[in-house]
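To start, the structure itself, in structure tokens.
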Amino acid sequence: MGFEGQNRRGLPRHVRVKLESALARAAQLALEEVGPETGVGGQCITMVLNYTFELLSDLERSKLDYDRLLPAMIQSAYLSSEGLEGGYFLGSIDQDVVEAPGKQFRWSSNSPTFGVVSGVAARPLVSTLGPLSRLIAHSVDNVRDPRIVAQTVDYLAGFVRTLMVQWRQNKLSEIDVAEEAEFLDAESREITLPALWKMLRNCLYSVVITLRAVLGRTINDPALAANSSAPYLSMQCLHILRNMYFISSRLGQNASSQQTFVLLAAIDILSQYPVLAENFLRSIKPSDIGQIPAHPVERCLDLFFLNVAEHFPLVISSETSEELLLSAAFPYLAAGANSLLLEIFEAAHSLVLVVFAIPHNSELATKHLPFYIENLFAVFPNNLSARQFRLAFKTVIQITAPPSPLANTQPLLPSILLEVVHDRALNASSTPLPPQGPNPDMSQSPPASEQAVLTLALLDSLSFLRVEDLKEWLPLAAQLINTISDRNMRHACIDRFWEALAGGEMDVDRSHCCVTWWSTEGGRELVLFGAETAENESDESGPYMSGAVGGVAPESKL
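In full-length UniProt numbering, the protein residues as written are 1 to 558.
Next comes the structure, spelled out in structure tokens:
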């Protein structure tokens, strides 16, 4: 390492080759002496190879017995006293979390348990968990016995299960992320908790890197891809991600591309086995289905269920969708006003819309859609952002319009829903809505009133209507735009209208209808000049022929 580390070339080639060969030979001999319970020997081998593996040539790497090396590294990194101690270090924190003045919790940086956490983070196998996890992933790719890959997943599942249980028993887990500023003192927020979350984040990434290798091996290895292995490995991977969701939910769903790959790959594999997919959903369903749990960890698990479940309605029965998915989502639909439930609120809406959109769930959609529509209008704009409302309403129209099976039994439903939006827009407030949502980028959109948002929702839905319905709604939409008094909001609606007409959203027949209406049926004049014309008209105005004497006649000198 001293001569060759950090891309230094300080040794002659023949000396380097001898050293590489000797190191690989020594590691191999040591692995042959290590038993199933690796102990200190396995920890030493793991630490040495973790620091030197990148210096070995591919030839010397191929000489290692990965069937022995992989279990030794997993046990050393995650389960040993020189690694993460199986996750048990997390449970000891609770004894030093005390009440501080102002009804806050304090975890002091001078407490013994913070010293324990700092000591765990400083251990060689933990502080280099990133390179070590890549070495573990390389070993997963190169083991000869597929059963060792399954054993690796078992080890990881046990580790993260313990980690979750230890965190659940900690007083810190009772504080939601949005409540930390209120219930934690400054020292806990700025010193101790960031250090803990940094280590837990490293644990998450290391496990995800290993799972990525496991699923990659599952896809390419005939033994692991068999029906007797692949779905069960996928379920275990999803259970592991679920037990670590209290960490990953703080980072966001798209924080790690590898985590996204693991999640979607496991879901894709499990989707090929509908019976097992249903069993998996039953195993992770909310403990009190139909109720919103009070504990943040339980709500976090509910969020994972909602996010994962929306990938399975296509392969499970309508009865299961109603029993498990809709029952779990409905309690959250009216919870948008609670700042602690915003993310779960969006996930619940997304899951319900996915269930309704599946063709074989048309009867289910007919049964529950009225409740959903009523709830949708009840929570907007106070509990639902403009973006969420527009997306939800557009999806509902798409579900009820052709070629959806629901359109065969309820052909008038899209027009009825648009009529509801139209009437609400005529009487809606013209005051700009305040920005909503935790994402600041979404708050940078131009301000829009409730009236403007309802109008935009109607415009978003035009491309899904039948041609005969579209002919009816084009002039109504244009007239609705003209009722918006604010010039900027009205122009934003005009731009969206033009985008809907000419932006490629329409098919050939609908586009022909729009072109005809725009060019020969007064659509252009109604959209572009309708508002100005309406402002200048009086109650006594009527149709006059061109050149006739109008309101200026009394002042004329002729």
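Ideal placement from N, C-alpha and C gives every residue a C-beta, glycine not left out.
Just curious, the alpha helix (DSSP H) that residue i is in, first and last residue?
| i | result |
| --- | --- |
| Ile373 | Ser362 to Val379 |
| Asp423 | Leu413 to Leu426 |
| Thr192 | It is not in any alpha helix (DSSP H) - Thr192 carries neither H nor E in the DSSP assignment. |
| Asn382 | Note, Asn382: premise wrong, no alpha helix (DSSP H); not H, not E. |
| Glu346 | Leu342 to Ala357 |
| His295 | Per DSSP, His295 belongs to no alpha helix (DSSP H) and is neither H nor E. |
| Gln258 | Ser257 to Leu270 |
| Pro402 | That residue, Pro402, is in no alpha helix (DSSP H); it is neither H nor E in DSSP. |
| Ala457 | Glu450 to Asp460 |
| Ser248 | Tyr245 to Leu251 |
| residue 588 | Absent from the structure is residue 588, since the part of the chain shown begins at 1 and ends at 558. |
Please state whether the Cβ-Cβ distance between residue i and residue j is less than 9 Å.
| i | j | result |
| --- | --- | --- |
| Leu474 | Gly504 | no |
| Val308 | Ile373 | no |
| Asn243 | Pro131 | no |
| Asp268 | Pro146 | no |
| Glu82 | Leu135 | no |
| Tyr512 | Leu476 | Position check: residue 512 holds His in this sequence, whereas Tyr was assumed. Against a cut-off of 9 Å, the Cβ pair of Leu476 and His512 comes out as no contact. |
| Ala401 | Asp460 | no |
| Ala334 | Asn383 | yes |
| Leu184 | Phe105 | yes |
| Leu23 | Thr46 | no |
| Leu306 | Ser350 | yes |
| Ala452 | Cys493 | yes |
| Pro414 | Asp469 | yes |
| Asp65 | Leu31 | yes |
| Ser256 | Tyr205 | yes |
| Leu480 | Leu458 | yes |
| Asp94 | Gln169 | yes |
| Leu129 | Asn202 | yes |
| Ala328 | Leu224 | no |
| Met199 | Ala121 | yes |
| Leu193 | Glu180 | yes |
| Phe389 | Arg424 | no |
With a threshold of 6 Å on Cβ separation, who are the neighbours of residue i within its own chain once the five nearest residues in sequence on each side are excluded?
| i | result |
| --- | --- |
| Gly87 | Phe159, Thr162, Leu163 and Gln166 |
| Ala553 | Residue confidence is low: Ala553 scores 41 on pLDDT, short of 50, so the model does not pin down where it sits. Its coordinate-derived value is still stated next. If we look at Ala553 and ignore the five residues flanking it on each side, it has no Cβ neighbours. |
| Cys300 | Tyr245, Phe246 and Ser249 |
| Lys394 | Asp460 and Ser461 |
| Arg16 | none |
| Pro447 | Pro432 |
| Pro296 | Asp176 |
Residues in the same chain with beta-carbon distance under 8 Å from residue i, minus the five sequence neighbours each way, listed in chain order, please.
| i | result |
| --- | --- |
| Ser449 | Ala428, Ser429, Ser430, Thr431, Pro432, Leu433, Ile484, Asp486 and Met489 |
| Lys18 | none |
| residue 561 | Look at the range of the chain in this structure, 1 to 558, and you will see that residue 561 is not part of it. |
| Pro112 | Asp96 |
| Val153 | Leu211, Val214, Leu233, Gln236, Cys237 and Ile240 |
| Glu54 | Pro131 |
| Arg25 | Lys63 |
| Leu303 | Tyr245, Ser249, Glu343, Ile344 and Ala347 |
| Gln286 | One detail in the question is off: residue 286 reads as Pro in this sequence, not Gln. These residues qualify, in order along the chain: Pro293, Glu298, Leu301, Asp302, Phe305 and Ala328. |
Since residue i and residue j are thought to touch, with beta carbons under 8 Å apart, how far apart are those beta carbons, to the nearest angstrom?
| i | j | result |
| --- | --- | --- |
| Val97 | Leu172 | 6 Å |
| Leu324 | Val352 | Not quite, the Cβ-Cβ distance comes to about 13 Å (not below 8 Å), so this is no contact. |
| Ile191 | Ser109 | 5 Å |
| Gln258 | Val208 | 5 Å |
| Val177 | Arg250 | 6 Å |
| Ser228 | Trp107 | About 46 Å; that fails the 8 Å criterion. |
| Val315 | Arg217 | The pair is not a contact, with the Cβ atoms about 24 Å apart (cut-off 8 Å). |
| Ser76 | Gly42 | 5 Å |
| Ala478 | Val527 | 5 Å |
| Leu281 | Pro231 | The pair is not a contact, with the Cβ atoms about 13 Å apart (cut-off 8 Å). |
| Glu60 | Glu20 | 5 Å |
With a threshold of 7 Å on Cβ separation, who are the neighbours of residue i within its own chain once the five nearest residues in sequence on each side are excluded?
| i | result |
| --- | --- |
| Leu263 | Leu241 |
| Asn254 | Thr260 |
| Glu535 | Confidence is the limiting factor: at Glu535 the pLDDT is only 46, short of 50, which leaves the residue's position unreliable and the question unanswerable from this model. |
| Ser92 | Thr113 and Val116 |
| Gln398 | Phe464 |
| Gly290 | Ser327 and Pro331 |
| Asn375 | Leu333 and Ala334 |
| Pro274 | Val315 and Ile316 |
| Gln28 | Lys63, Leu64 and Asp65 |
At 4 residues or longer, and completely inside the segment 25-113: list those alpha helix (DSSP H) runs for me, N to C. 39-52, 58-62 and 66-74
4 or more residues per run - each alpha helix (DSSP H) lying fully within the segment 464-520: 467-482, 487-502 and 508-520
Which parts of the segment 119-191 are runs of the alpha helix (DSSP H), unbroken and 4 residues or longer, counting only runs that do not cross its ends? 124-127, 129-142, 146-168 and 180-183
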